[in-house]
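Engineer:
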Amino acid sequence: MREKTCPRCGANRVVQRMVNNRFRASDPAGQVFEVTLQEPIWSCPACQMGWEGEDTLAAKENAYQAALTRREAKSGR
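Numbering of the sequence shown is given in this note's numbering, commencing with residue 446 and proceeding in unit increments.
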């Protein structure tokens, strides 16, 4: 995984932690709704940089797809 090295200072002692997050999204009909999730965030103790890795983007996409599925089930589609 590329995230194991800090992109700013090159340190290889980086830390991954899970954080709560939420974002607004829209369904195919244009209805806006909120997605909540726990996502992995990387940080570097050496230079204090924090960043999202590929696993963070995958978690957001999975949460969005799950929210769409729940919305469709509620609406009976």
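Don't be surprised by glycine CBs; every beta carbon is placed ideally from N, CA and C.
This one's a predicted model, so the numbers in the text were calculated from it and none came from an experiment.
Identify every residue that forms a DSSP beta bridge with Thr481.
Structural biologist: Arg467
Engineer: Considering only the alpha carbon of each residue, which of Thr501, Glu506 and Cys489 lies closest to Pro452?
Structural biologist: Among Thr501, Glu506 and Cys489, the Cα nearest to that of Pro452 belongs to Cys489.
Engineer: If you draw a straight line from the alpha carbon of Phe468 to that of Arg462, how long is it in whole angstroms?
Structural biologist: 19 Å
Engineer: I'd like to know whether the C-beta atoms of Pro485 and Gly498 end up nearer to each other than 8 Å.
Structural biologist: yes
Engineer: Within a Cβ cutoff of 7 Å, which residues of the same chain sit near Val480, ignoring the five residues on either side of it in sequence?
Structural biologist: Arg467, Phe468, Ala470, Ala508, Tyr509 and Ala512
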